[in-house]
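Residue numbers (my numbering): 6 to 340.
Ideal placement from N, C-alpha and C gives every residue a C-beta, glycine not left out.
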Ligand code: NAD
Ligand code: DAU
């Protein structure tokens, strides 16, 4: 299989490429990534001899068309992904997430007219908005779209484009909406790596609001195993929700990090809450389990968190050069 991976130099995409190179000798991987602040060539260093990395933008129709024409399948991870950045400057989110997805769909439609080119679009549970705290309800495939933030609204728009291209042009696409990922190679702007690297650099962790907001955590390798399962066995046109029964409030996650890193439970600062902060996300992954037989392997959150902390301890060269600038930006926003 000739596989094009967009956003393969980002957090989830890089882990996906590593796993693909390790486990699937029959797959030739091309990564298309514009190496924004969130993309890192170094994240692909362990597999650089095994893949082709093309530095380019998913809104570049000429380049995308050429690469899609050379591919049997496309897994589309590339996006602007950080909610706080979207609140500060939404324009790149509209461009990359909406126009970028449109550009990929048009290339798949055009070049897959004879032999269909398989597309998997990677999306987020945030398209469904949020759920109340202390409520057993979870998101399902039929939950209404109700995005809250500039980030989630652009992902929702992208999902709608994919659905329309499936219906109108019979593009052979699937969609997955996953919950919060954690693991190695995640940018230090995100919650878990931010707190780990704050402690490693002598800063106090920062908690938005009271920390009651709930996220449904999944290890990145479990997300990527589900993506592979959907790519190979998923029904064209279908949406699958990916989650690993990992609901935890932010304060509990932070306290687990503090405990595993030898700090006291109150050694952190409360900072200004995020505007429009979604209360709770929770995924019902039943169809993925029952129809495709997927099961998460990383079910011990403490063990996954410990391994992630160890990764940041031993990969300081990967994150240290960007840490001060990320914290300087946060310091301006959190005053
Ligand atoms: P990330 O921010 O770590 O990486 C995004 C990658 O996309 C980067 O390498 C960046 O350079 C690249 N990119 C951005 N705009 C581009 C453009 N215009 N052209 C080419 N490349 C571009 O993101 P991530 O956390 O790895 O998320 C990957 C995908 O998974 C996204 O679509 C995101 O919406 C989705 N997702 C993420 C999570 C999560 O918890 N991180 C959960 C569910 C879904
Ligand atoms: O649910 C899937 C989504 O998860 C993905 O689509 C997004 O791309 C990804 O960034 C993530 O979005 P969140 O906004 O949930 O993740 P983030 O890591 O930014 O924040 C997780 C929670 O922690 C959230 O409730 C905000 C809070 N938070 C975050 C930061 C950075 C803090 O309390 N302190 C912080 O310093």
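What I want to know is whether the C-beta of residue i ends up closer than 7 Å to one or more non-hydrogen atoms of ligand 3.
i: residue 289; result: The ligand content of the structure shown is limited to ligand 1 and ligand 2, which means ligand 3 is not among them.
So, residue i versus residue j, is the Cβ gap smaller than 8 Å?
i: residue 400; j: residue 122; result: Summary: the structure shown does not reach residue 400, with the chain confined to residues 6 through 340, and so no result is reported for it.
i: residue 202; j: residue 323; result: no
i: residue 177; j: residue 117; result: yes
i: residue 247; j: residue 310; result: no
i: residue 7; j: residue 76; result: yes
i: residue 193; j: residue 56; result: no
i: residue 218; j: residue 285; result: yes
i: residue 36; j: residue 10; result: yes
i: residue 89; j: residue 128; result: no
i: residue 153; j: residue 283; result: yes
i: residue 341; j: residue 223; result: Residue coverage of the chain in this structure runs from 6 to 340, which leaves residue 341 outside it and unanswerable.
i: residue 206; j: residue 166; result: no
i: residue 52; j: residue 125; result: no
i: residue 244; j: residue 182; result: yes
Relative to ligand 1, is the shortest distance from any of its heavy atoms to the C-beta of residue i smaller than 7 Å?
i: residue 154; result: no
i: residue 306; result: no
i: residue 144; result: no
i: residue 164; result: no
i: residue 76; result: no
i: residue 113; result: no
i: residue 411; result: Lying outside 6 to 340, the shown extent of the chain, residue 411 is not represented and no answer is given.
i: residue 103; result: no
i: residue 282; result: no
i: residue 328; result: no
i: residue 303; result: no
i: residue 41; result: yes
i: residue 82; result: yes
i: residue 251; result: no
i: residue 37; result: yes
i: residue 159; result: no
i: residue 64; result: yes
i: residue 14; result: yes
i: residue 11; result: yes
i: residue 17; result: yes
i: residue 134; result: no
i: residue 127; result: yes
i: residue 44; result: yes
i: residue 192; result: yes
Which residue's Cα is closest to the Cα of residue i: the options?
i: residue 288; options: 111, 142, 29; result: 142
i: residue 242; options: 146, 54, 15; result: 146
i: residue 15; options: 7, 300, 308, 49; result: 49
i: residue 255; options: 140, 281, 185, 266; result: 185
i: residue 225; options: 133, 20, 316, 211; result: 20
i: residue 44; options: 272, 107, 133, 87; result: 87
i: residue 179; options: 269, 237, 206, 230; result: 237
i: residue 228; options: 294, 277, 137, 169; result: 294
i: residue 279; options: 204, 92, 80; result: 92
i: residue 99; options: 139, 155, 90; result: 155
i: residue 139; options: 299, 339, 103, 253; result: 253
i: residue 321; options: 169, 191, 306; result: 191
i: residue 136; options: 126, 271, 149; result: 149
i: residue 299; options: 113, 144, 235; result: 235
i: residue 220; options: 232, 258, 239; result: 258
i: residue 131; options: 119, 40, 144, 308; result: 144
i: residue 274; options: 13, 210, 60; result: 210
i: residue 12; options: 271, 214, 94, 84; result: 84
i: residue 208; options: 215, 198, 29, 216; result: 198
i: residue 39; options: 25, 54, 60; result: 60
Who are residue i's beta bridge partners in DSSP?
i: residue 275; result: 212
i: residue 244; result: 180
i: residue 127; result: 181
i: residue 223; result: 186
i: residue 33; result: 7
i: residue 285; result: 136, 219
i: residue 81; result: 11, 126
i: residue 144; result: 288
i: residue 253; result: 220
i: residue 59; result: 37
Could one say the Cβ of residue i lies closer than 8 Å to chain D's Cβ atoms, at least one of them?
i: residue 64; result: The structure shown contains no chain D, having only a single protein chain.
- Within the structure, which residues are defined as neighbours of ligand 2 by a Cβ-heavy atom distance below 6 Å, reported in chain order? 86, 87, 88, 129, 130, 131, 184, 185, 195, 196, 199, 211, 212, 213, 218, 220, 255, 279, 286
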